[in-house]
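In structure tokens:
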């Protein structure tokens, strides 16, 4: 098959951070179906164990590691273990992230730094750990989970928007530095995803009406609905495969059209 049409990940080793559940789990599961060997990490053993159980139930032989992705020494040790036990990492998805919804003037500098550390410093740390072996192998794919907040601001998410804006530029800079080494670094910017974490925002109110935030999102999205985590998997497979070898430094927004739409007139 021509590389231009090659979406197979057969034999590739894919590391997805924070992939015990949610978006990371959906992406890792899709990679497994396309032939990749799945490696994931999470900050606590209990999360890793739950993730391993879920992958096993879905027929996926995943490898899980406990790792704080903001700790450079732990990340370097984890990458060495993965290379020894599974193989050199071909695909990295920097998915682990946090958000703190706090008005800027109420947010402490420590809270701001924590969000920056997980959402921006960690992708730098993990990417830095895998790039040398990718260079030696002659190829590599890095996919950063960005956000619509890489482009837009919103009330109460100053740290998250700052981190995701920075992650967009880190994505472009990895492209600039390592494109000649046949490493492609791109981002995915998800829209509003229907997950267990967002379920309270989609529940009917006591009077039978929709939650105000649910109304806001559906009215602001041309698709008119929340998106499913599985809808990110096609773009994620494309960016991890040889079909995207000429795509580098790009952020693909999978948002149902929000960024293209000013919203309905009241």
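Residue numbers (my numbering): 30 to 295.
Virtual Cβ for every residue (Gly too), placed ideally from N, Cα, C.
If you're wondering where the values come from, they're calculated on a predicted model, not measured in any experiment.
Which class does residue i belong to by DSSP, given the choice of helix, strand or coil?
{"i": "residue 135", "result": "helix"}
{"i": "residue 38", "result": "coil"}
{"i": "residue 231", "result": "helix"}
{"i": "residue 10", "result": "Nothing can be reported for residue 10, as the shown portion of the chain is limited to 30 through 295."}
{"i": "residue 201", "result": "helix"}
{"i": "residue 239", "result": "strand"}
{"i": "residue 290", "result": "coil"}
{"i": "residue 262", "result": "helix"}
{"i": "residue 104", "result": "helix"}
Check the C-beta distance from residue i over to residue j and give it rounded, since I have them as a contact under 8 Å.
{"i": "residue 171", "j": "residue 212", "result": "7 Å"}
{"i": "residue 77", "j": "residue 93", "result": "4 Å"}
{"i": "residue 144", "j": "residue 127", "result": "6 Å"}
{"i": "residue 215", "j": "residue 147", "result": "That pair is no contact at about 20 Å."}
{"i": "residue 59", "j": "residue 265", "result": "6 Å"}
{"i": "residue 57", "j": "residue 69", "result": "6 Å"}
{"i": "residue 118", "j": "residue 176", "result": "Not quite, the Cβ-Cβ distance comes to about 24 Å (not below 8 Å), so this is no contact."}
{"i": "residue 151", "j": "residue 99", "result": "5 Å"}
Could you tell me which residues DSSP pairs with residue i in its beta bridges?
{"i": "residue 77", "result": "None, per the DSSP bridge assignment."}
{"i": "residue 170", "result": "120 and 213"}
{"i": "residue 219", "result": "283"}
{"i": "residue 94", "result": "70"}
{"i": "residue 256", "result": "222"}
Please return the same chain residues whose Cβ sits closer than 8 Å to the Cβ of residue i, not counting the five positions on each side in sequence.
{"i": "residue 289", "result": "251"}
{"i": "residue 292", "result": "248 and 249"}
{"i": "residue 198", "result": "none"}
{"i": "residue 223", "result": "231, 255, 256, 257 and 258"}
Would you verify that the beta carbon of residue i is, or is not, closer than 8 Å to some beta carbon of chain D?
{"i": "residue 127", "result": "Note that chain D does not occur in the displayed structure, where there is just one protein chain."}
Take residue i and list the residues in its own chain whose beta-carbon comes closer than 6 Å to its own, dropping the five residues that flank it on each side.
{"i": "residue 282", "result": "218 and 288"}
{"i": "residue 121", "result": "44, 159 and 171"}
With a threshold of 7 Å on Cβ separation, who are the neighbours of residue i within its own chain once the five nearest residues in sequence on each side are excluded?
{"i": "residue 81", "result": "91 and 93"}
Margin query: Please give the ranges of any alpha helix (DSSP H) in the segment 40-68, keeping only runs that are unbroken, at least 4 residues long and fully inside the region.
Written below: The segment 40-68 contains these whole alpha helix (DSSP H) runs: 51-62.
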